[in-house]
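Okay, structure first, notes after.
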Ligand SMILES: *Cc1c(COP(=O)(O)O)cnc(C)c1O
């Protein structure tokens, strides 16, 4: 490893991350290359972002065209790419209206503000309780960490936004105990991503939909991680056959360019007027051009079908690996190409050790929850890449078990 870079990193960055020891300089398809020329299979995809793989020619062509035309104009004016993207969202999803921004947290912030504002305008200021779920993740602004279900992210930052309560994920009774006429929103990830790749059950999401209808509550799906083909559908709500009132999207939407979006039904969208919310970069032409490409690509039934086939292929193989190493891998879960390997909790730090071993062996993976290894490869990954990755994973598992058993 080139020491010059690691030292410069330590010298210059506020230490909010503890990155693994690779400095990347280029990528192609499912592969990344570091400054030493070492090659890695990328099953992290920049945390479920690089869904079209690295240097995807379709994406690059559209971006180059946009770069040559215009980069930024602001929302004081209109631009062609943003209008194209918003119209596409209307065509391909439940959305009547969209708000464009630059990240997942910003989309969630907009959704939560809109839900509160809608209830305020329509029912009065007492209706402002937000129900979220323990273990959930919605971003890092003070509002979204307060709504998120992991207190470690919100402690030490002063007074937090009020009237936010947490129910238990996949437990409808725990929601029934909290919901009342003063509840304005329920926000939920169809599959908890950062929390450990934990899918909601169909009954749970359907039950939330029914409760929201009964109590006039906005149902918000945070599909920042699960959206844009990640689960084998353009959005996971289609697989669950439960339509939210508001939906947030980011990560894979820009396929590597920062963008976020809030999708809304008309009823809710209409309470925001000029000035109630905004974002300088929202609907930026370059980001919108990326969104147009990914939305077109991942709403194409042929491409979605291919993702589901690859998903079946990898789940099958992972289940065989699990059988072989059942003392380490307790469960394989997830949907599409968002996959969690839940590890034996008795092996402390097993996920971290396994992630490091994979890294040494040239496979990039993520962690989630307390002891879960998370795989989120580019959605354009092919069967050869998958086979190579699983070979590395098996070797890494054996090396990890050696370490764990000698502890
Ligand atoms: C990553 C993520 C976010 C935050 O997105 P940022 O772009 O990092 O702000 C919010 N919700 C979910 C479900 C996520 O996975």
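Residue numbers (this note's numbering): 2 to 408.
Ideal placement from N, C-alpha and C gives every residue a C-beta, glycine not left out.
Quick caveat, the model's predicted, so the values are computed rather than measured.
- Answer yes or no: the CB of residue 51 versus the heavy atoms of ligand 1, is any distance below 6 angstroms? Checking every heavy atom of ligand 1 against the Cβ of residue 51, none is found closer than 6 angstroms.
- Can you tell which of 284, 327, 350 has the C-alpha that lies nearest to the C-alpha of residue 73? Check the Cα spacing between residue 73 and each of 284, 327, 350: the tightest is with 284.
- Go through its chain and collect everything with a Cβ distance to residue 227's Cβ below 6 angstroms, but skip five positions before and after it. The answer, listed in chain order, is 191, 192, 237.
- Query: Could you give the distance in angstroms between the alpha-carbon of residue 50 and the alpha-carbon of residue 105?
  - Reply: Going from the Cα of residue 50 to the Cα of residue 105 covers about 11 angstroms.
- Message: For ligand 1, I want to know if residue 254 counts as a neighbour, meaning its beta carbon is within less than 6 angstroms of at least one of the ligand's heavy atoms.
- Response: The answer is no for residue 254.
- Relative to the alpha-carbon of residue 96, which residue among 327, 269, 293, 287 has its alpha-carbon at the smallest distance? Taking only the C-alpha atoms, the option nearest residue 96 is 269.
- Report yes if the CB atom of residue 93 is closer than 7 angstroms to the CB atom of residue 397, and no otherwise. Result no, Cβ atoms of residue 93 and residue 397 do not sit closer than 7 angstroms.
- DSSP on residue 238, reduced to helix/strand/coil? Secondary structure of residue 238 (DSSP, three-state): helix.
- Message: Under 6 angstroms: does the beta carbon of residue 61 sit that close to some heavy atom of ligand 1?
- Response: Checking every heavy atom of ligand 1 against the Cβ of residue 61, none is found closer than 6 angstroms.
- Cβ distance (whole Å) where residue 221 is taken to contact residue 120 below 8 angstroms: Approximately 12 angstroms separates the beta-carbon atoms of residue 221 and residue 120; this is outside 8 angstroms, ruling out the contact.
- Item | Where residue 385 falls, given that 16 or more other Cβ within 10 Å makes a residue buried | Residue 385 comes out exposed.
- Could you tell me whether any non-hydrogen atom of ligand 1 is closer than 6 angstroms to the CB of residue 104? Indeed, a heavy atom of ligand 1 lies less than 6 angstroms from the Cβ.
- Since I believe residue 232 is in contact with residue 240 (beta carbons under 8 angstroms), could you give me their beta-carbon distance rounded to a whole number of angstroms? So it is a contact: roughly 6 angstroms between Cβ atoms.
- Task: Please indicate yes or no: does the CB of residue 222 lie closer than 6 angstroms to some heavy atom of ligand 1?
- Result: The answer is no for residue 222.
- Query: Counting pairs of beta carbons, one from the region 329-347 and one from the region 10-26, are three or more of them closer than 8 angstroms?
  - Reply: The region 329-347 makes no contact with the region 10-26; the number of CB pairs closer than 8 angstroms stays below 3.
- As assigned by DSSP and simplified to three states, the class of residue 313: Three-state result, residue 313: helix.
- Query: Buried or exposed: which applies to residue 224, given that a residue is buried once 16 or more other Cβ atoms fall within 10 Å of its Cβ?
  - Reply: The residue in question, residue 224, is buried, as its Cβ has 16 or more Cβ neighbours within 10 Å.
- Task: Count the other CB atoms, across all protein chains shown, that sit within 10 Å of the CB of residue 409; report buried if there are 16 or more and exposed otherwise.
- Result: Absent from the structure is residue 409, since the part of the chain shown begins at 2 and ends at 408.
- Where residue 196 and residue 379 are concerned, what is the direct C-alpha to C-alpha distance, given to the nearest angstrom? About 21 angstroms.
- Task: Using the Cα positions of residue 130 and residue 165, report the straight-line distance between them to the nearest angstrom.
- Result: So the alpha carbons of these two residues sit roughly 6 angstroms apart.
- Message: Taking 8 angstroms as the cut-off, does the region 357-365 touch the region 305-323 (at least 3 CB pairs, one atom from each stretch)?
- Response: No, the region 305-323 does not touch the region 357-365.
- Is residue 295 helix, strand or coil when you go by DSSP? In the three-state reduction of the DSSP assignment, residue 295 falls in the helix class, which pools H, G and I.
- Less than 6 angstroms between the CB of residue 353 and some heavy atom of ligand 1, yes or no? False, no ligand heavy atom lies under 6 angstroms from that Cβ.
- Bridge-paired residues (DSSP) for residue 146: Looking at the DSSP output, residue 146 bridges to nothing.
- Helix, strand or coil: which one does DSSP assign to residue 88? It is helical.
- Message: In this structure, how does DSSP classify residue 65 when only helix, strand and coil are distinguished?
- Response: Residue state, collapsed to three classes: helix.
- Less than 7 angstroms separating the beta-carbons of residue 258 and residue 288? Cβ atoms of residue 258 and residue 288: closer than 7 angstroms.
- Answer yes if the region 169-182 comes into contact with the region 201-217, meaning at least three C-beta pairs across the two stretches below 8 angstroms, and no otherwise. Flag = yes, the region 201-217 and the region 169-182 touch.
- Query: Looking at C-alpha atoms only, which residue of 272, 401, 108 is the closest neighbour of residue 145?
  - Reply: Selected option, being the one with the closest Cα: 108.
- Task: With a 10 Å radius around its C-beta and 16 neighbouring C-beta atoms as the bar for buried, classify residue 53 as buried or exposed.
- Result: Under this definition residue 53 is a buried residue.
- When you compare only the Cα positions, how much space is there between residue 327 and residue 343? Spanning the two alpha carbons is a distance of roughly 11 angstroms.
- Task: Could you please give the first and the last residue of the uninterrupted beta strand (DSSP E) stretch that includes residue 41?
- Result: Going by DSSP, residue 41 is part of the beta strand (DSSP E) stretching over 40-43.
- With a threshold of 16 other CB atoms inside 10 Å of the CB of residue 248, please say whether the residue is buried or exposed. Residue burial annotation: residue 248 is buried, with at least 16 other C-beta atoms found within 10 angstroms of its C-beta.
- Item | Best match in 295, 118, 188, 234 for proximity to residue 260 [C-alpha to C-alpha] | Put simply, of 295, 118, 188, 234 the residue whose alpha carbon is nearest the alpha carbon of residue 260 is 295.
- Just how far apart, CA to CA, sit residue 208 and residue 404? Distance between the alpha carbons of residue 208 and residue 404: 44 angstroms.
- Message: Does residue 128 come out as helix, strand or coil in the three-state DSSP assignment?
- Response: If DSSP states are grouped into helix, strand and coil, residue 128 belongs with coil.
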